[in-house]
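Per my numbering, the very first residue in the sequence shown carries number 14; after that it's consecutive. Right, one structure below, let's go through it.
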Amino acid sequence: MSSATPTTASARGISQRVQGFTESVIREMTRLAMEHNAINLAQGFPDFAAPDFIKEAAAAAIAADINQYSVTWGDPELRQAIAGKYQRWYQLPVDADAHVTVCCGSTEAMIATLIAVLNPGDETVVFEPFYENYGPDSILSGAAPRFVPLRPSQDGWNFDRAELRAAFNERTRAIILNSPNNPTGKVFTRAELEFIRDLCVEWDCIAITDEIYEHIVYDGRPHVLLAGLEGMAERTVTISGISKTFSVTGWRVGWAIAPARLAGGIRKVHDFLTVGAPAPLQIAAARAIAGGDEYCRGLAAEYTARRKRILPQLQAAGFQCAWPEGAYYVLADCAPFLAAHGPDDVAFSRWLTAEIGVACVPGSSFYHRAGDGSDQVRFCFSKQDPTLDEAGRRLARVRSQA
Ligand code: GLN
């Protein structure tokens with residue numbers, strides 16, 4: 014008998030790369046919310062119905078037997094619809110054949126882009142707090158992120174230009190920019206984007222923008238496309254999708270718009286990762302994008318009403334927070350509650366979920382350094398009025414228990 018025959022379970026485990034990952038805190042909070050039957054203001058998704066026109070288009074596409082793989086980088090109808098949209102909304106010329114890659118959500122568009130453009134040893138610049146995926150995304154692509162702080166102030170979340178400039182060096186290959194921003198709600202202004210553009214040009218970097226909340230902006234602020242600034246179309250990958258705009262986060266349809274010299278690489282990575290996004294849902298996305306401008310224009314007003322509904326309730330409960338300029342989150346200060354229900358954001362979030370019945374995301378999951386964000390929690394307000402009001406009623410008990 015061969016002595017090589019294994020008699021015990023293999024000791025081989027997960028790769029070193031993946032050992033560096035922590036579990037997604039956002040998704041863990043959703044599980045905890047379900048376990049405690051809490052109102053889930055943690056993970057960012059709506060609890061209301063998607064618009065009929067997109068659901069009807071999806072049902073029609075399935076009835077029409079659109080069941081097989083589409084072109085790997087996206088159904089031509091959807092790529093055309095995306096190109097048309099960027100022209101109509103942002104006057105950005107996009108070539109459906111050369112520039113657009115349709116992916117399984119903007120999440121896949123981001124990782125496919127990073128893998129396609131970064132080498133080990135490259136650096137990226139990332140504003141912090143940041144959407145938690147950018148951490149593991151960096152590990153998977155082998156690059157090292159350099160973080161630049163966004164700090165809350167009277168007029169929202171801001172960065173220091175000298176600090177941003179200092180983050181760039183000869184190893185910098187890309188800046189990852191999320192505007193409207195998750196979790197802070199910051200909407201980068203044209204002047205800020207021009208400053209970022211100048212750094213990208215100076216250091217010959219590309220910008221990778223996550224614009225998934227592009228239609229959720231408040232107080233008449235414009236959503237400015239970095240790719241639309243002079244000199245940036247050639248060095249920007251613009252990422253977005255239908256998840257947040259059409260309230261279909263589970264459909265997984267997003268895209269990356271890239272200059273032709275990068276699009277080929279992004280398409281190859283995308284092809285080997287997932288082959289393609291769901292074919293009938295791509296058709297539904299195409300119809301919704303082509304015919305949904307009025308609906309998109311109405312989103313700002315709808316979310317303005319939700320923001321107005323939840324913010325005063327959070328503030329009355331004792332959470333200090335700046336009113337978001339865009340997206341559908343509030344990053345709130347929970348410091349006053351930590352003495353009684355801490356010691357930190359994680360303990361507080363668990364207590365809030367289990368004892369108050371409202372789930373949120375611990376702020377530390379948006380920072381790379383242990384301890385940062387430990388007095389912050391994020392609430393998502395993409396919810397129906399009764400959900401927000403019930404959450405408000407429950408949160409009113411927090412203060413009395415502090
Ligand atoms: N973008 C959403 C959030 O920040 C959803 C995250 C996720 O689970 N992919 O909550």
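Ideal placement from N, C-alpha and C gives every residue a C-beta, glycine not left out. As the structure is a computational prediction, the values presented were derived from the model and not from experiment.
Minimum length 3: unbroken beta strand (DSSP E) runs contained in the region 98-169: 113-116, 136-141, 157-162, 164-166
Chain-order list of residues whose beta-carbon lies under 8 angstroms from that of Ala63 (same chain, five-residue window excluded): Phe259, Ser260, Val261
Where Leu91 falls, given that 16 or more other Cβ within 10 Å makes a residue buried: buried
Classification of Val343 by the beta-carbon crowding that lies within 10 angstroms, buried from 16 upward: buried
Collapsed DSSP secondary structure at Trp268 in the structure displayed: strand
Same chain, Cβ closer than 7 angstroms to Ser166, neighbours up to 5 away in sequence not counted: none
Per-residue burial, Gln389 [other beta carbons within 10 Å of its own, 16 or more giving buried]: buried
Residue from Asp223, Trp216, Arg186, Ala187 with nearest C-alpha to Phe201: Asp223
DSSP state of Arg178 mapped onto helix, strand, coil: helix
Contact check, Asp358 vs Gly386, beta carbons under 8 angstroms: yes
According to DSSP, residues forming a beta bridge with Asp346: Gln333, Gln389
Those runs of the alpha helix (DSSP H) which lie wholly inside the region 180-256 and span at least 4 residues: 203-215
Euclidean distance between Cα positions of Ser15 and Ala22: Confidence is the limiting factor: at Ser15 the pLDDT is only 49, short of 50, which leaves the residue's position unreliable, though a coordinate-based value still follows. Rounded to the nearest angstrom, the two C-alpha atoms are 17 angstroms apart.
Any non-hydrogen atom of the ligand GLN closer than 7 angstroms to Gly254 Cβ: no
Contacts around Arg407, its chain only, beta-carbon distance under 6 angstroms, and the 5 residues preceding and following it disregarded: Ile369, Gly370, Val371
Between the CA atoms of Ser377 and Val411 - distance to the nearest angstrom: 20 angstroms
Glu141, buried or exposed, once every other Cβ within 10 Å from all chains shown has been counted against 16: buried
From Asp232, Tyr231, Ile189, residue whose alpha carbon lies closest to that of Cys213: Ile189
Ile330 versus Ala352 - alpha carbon distance: For the sequence presented, residue 330 should be read as Ala rather than Ile. If I take the Cα positions, the gap works out to 16 angstroms.
Those runs of the alpha helix (DSSP H) which lie wholly inside the region 283-329 and span at least 4 residues: 292-304, 306-329
Coil, strand or helix - Ile75 by DSSP: helix
7 angstroms Cβ shell around Arg265 - same chain, five flanking residues per side excluded: Cys117, Gly118, Ala290, Pro291
Buried versus exposed, by CB contacts within 10 Å (16 or more), Thr35: exposed
Cβ contact check for the region 83-100 and the region 295-302: 3 or more pairs under 8 angstroms: yes
Cβ-heavy atom distance, Ala287 to the ligand GLN, below 7 angstroms: Sequence check: residue 287 is Thr here, not Ala. For the ligand GLN, not one heavy atom lies less than 7 angstroms from the Cβ of Thr287.
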